[in-house]
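These protein sequence lines map, in sequence, to chains Z and X. Letter by letter, the first sequence follows residues 1 to 112 of our numbering. Letter by letter, the second sequence follows residues 1001 to 1118 of our numbering. Every residue gets a Cβ at the ideal spot worked out from N, C-alpha and C, and that includes glycine.
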Amino acid sequence: KQEVTQIPAALSVPEGENLVLNCSFTDSAIYNLQWFRQDPGKGLTSLLLIQSSQREQTSGRLNASLDKSSGRSTLYIAASQPGDSATYLCAGTTSGTYKYIFGTGTRLKVLA
Amino acid sequence: DAGVIQSPRHEVTEMGQEVTLRCKPISGHNSLFWYRQTMMRGLELLIYFNNNVPIDDSGMPEDRFSAKMPNASFSTLKIQPSEPRDSAVYFCASSYLSRFAGEAYEQYFGPGTRLTVT
């Protein structure tokens, strides 16, 4: 059974720091991977989608990479801002399936 | 587009009552997903519809849960009878994808319905 672990579970940093959030799958055969942001009391917002033929995606200050050999993904946030405070979740599908399996999330707080 | 719309946003009900959650997917999307989020279990897929047809309901916890999608713009998730352990946030998400597995797709989530069963 595919399980997804996100490390760290919680993170508190001063504004301006560069951050790395980690996501690890027990089954390394990850096909597609999506990173989401969830604000308290709200739904999930898609940040980046890495398709099976890709290794990384970038959007503004965010960069996500996927190492299929190890089943690990990282989300890099450059020059963090208080508005980045949220819970970040990764979700992946394995080859031959459509179902996304979600990680446990990293709760990020960026202090002004 | 207004995004995925869910109603109600909050629902408080007593054990044994019927609860109906509603979802309107993004226009043009052909796939709809119902998820449940709890602190203990995280985000779990309950059921997936493609072109209004239920494709996978293996995540539905038990017979008390049922879901329908009578047309491309509306879906319901019903719990009857409700129990305190059903308390959670229920999300609806939509996307466009074919039925072929392995296709990359981006999911768009609604704001969720926070259900409390007392």
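Measuring alpha carbon to alpha carbon, tell me which residue in the options is nearest residue i.
i          : options                                        : result
Z/Tyr-88   : Z/Val-13, Z/Thr-45, Z/Phe-25                   : Z/Thr-45
X/Met-1069 : X/Ser-1058, X/Glu-1083, X/Gln-1080, X/Pro-1054 : X/Pro-1054
Z/Ser-28   : Z/Leu-75, Z/Ala-112, Z/Gln-2, Z/Gly-71         : Z/Gly-71
Z/Ser-53   : Z/Ser-95, Z/Gln-81, Z/Leu-108                  : Z/Ser-95
X/Trp-1034 : X/Pro-1084, X/Gln-1006, X/His-1010, X/Val-1012 : X/Gln-1006
Z/Ala-10   : Z/Ala-86, Z/Ser-73, Z/Leu-33                   : Z/Ala-86
X/Gly-1113 : Z/Gln-2, Z/Glu-56, Z/Gly-43                    : The sequence given here has Thr at residue 1113 of chain X, not Gly. Ranking Z/Gln-2, Z/Glu-56, Z/Gly-43 by Cα distance to X/Thr-1113 puts Z/Gly-43 first.
Z/Ala-170  : Z/Gln-2, Z/Ile-7, Z/Glu-3, Z/Glu-17            : Any answer about residue 170 of chain Z is impossible in this case: the structure gives chain Z only from 1 up to 112.
X/Asn-1071 : X/Gln-1080, X/Asn-1052, X/Val-1089, X/Ile-1079 : X/Asn-1052
Suppose you measure from the CA of residue i to the CA of residue j; what does that come to, to the nearest Å?
i          : j          : result
X/Ser-1041 : X/Ser-1066 : The question names Ser, yet the displayed sequence has Arg at residue 1041 of chain X. Going by the C-alpha atoms only, they are around 20 Å apart.
Z/Ser-65   : Z/Ile-30   : 12 Å
Z/Arg-61   : Z/Phe-36   : 15 Å
X/Val-1117 : X/Ser-1087 : 6 Å
X/Tyr-1108 : Z/Glu-15   : 29 Å
Z/Gly-103  : X/Asp-1063 : 27 Å
Z/Pro-40   : X/Leu-1115 : 16 Å
X/Ser-1058 : Z/Leu-75   : 31 Å
X/Met-1060 : Z/Asp-67   : 32 Å
Z/Arg-55   : X/Gly-1110 : 28 Å
X/Pro-1084 : Z/Ser-69   : 42 Å
Z/Pro-8    : Z/Ser-73   : 13 Å
X/Tyr-1096 : X/Thr-1013 : 34 Å
Z/Pro-82   : X/His-1029 : 33 Å
Z/Gly-105  : X/Arg-1009 : 23 Å
X/Phe-1091 : X/Leu-1045 : 9 Å
Z/Leu-108  : Z/Asn-63   : 16 Å
Bridge partners for residue i per DSSP, in chain order?
i          : result
X/Pro-1054 : X/Phe-1049
X/Arg-1036 : X/Glu-1044, X/Tyr-1090
Z/Ile-101  : Z/Gly-92
Z/Ala-10   : Z/Arg-107
Z/Ser-59   : Z/Leu-62
X/His-1143 : Given that chain X is displayed from residue 1001 to residue 1118, the structure contains no residue 1143 of chain X and the question cannot be resolved.
X/Tyr-1108 : X/Ser-1094
Z/Asn-22   : Z/Ile-7, Z/Thr-74
X/Val-1019 : X/Ile-1079
Z/Gln-38   : Z/Leu-44, Z/Thr-87
Z/Asn-32   : Z/Thr-93
Z/Ile-50   : Z/Leu-33
Tell me the DSSP secondary structure of residue i in three-state form.
i          : result
X/Arg-1154 : Outside the modelled stretch of chain X, which goes from 1001 to 1118, sits residue 1154 of chain X, for which no answer is possible.
Z/Asp-67   : strand
Z/Gly-92   : strand
Z/Gly-16   : coil
X/Pro-1070 : strand
Is it true that the CB of residue j sits closer than 8 Å to the CB of residue i?
i          : j          : result
X/Phe-1019 : X/Ala-1093 : Reading off the sequence shown, one finds Val at residue 1019 of chain X, where the question assumed Phe. Not a contact, by the Cβ cut-off of 8 Å.
X/Tyr-1048 : X/Ser-1075 : no
X/Gln-1017 : X/Ser-1073 : no
Z/Leu-19   : Z/Gln-34   : no
Z/Leu-111  : Z/Ser-12   : yes
X/Leu-1043 : X/Leu-1077 : no
Z/Tyr-100  : Z/Gly-92   : yes
Z/Gln-57   : X/Ala-1104 : no
Z/Gln-6    : Z/Asn-22   : yes
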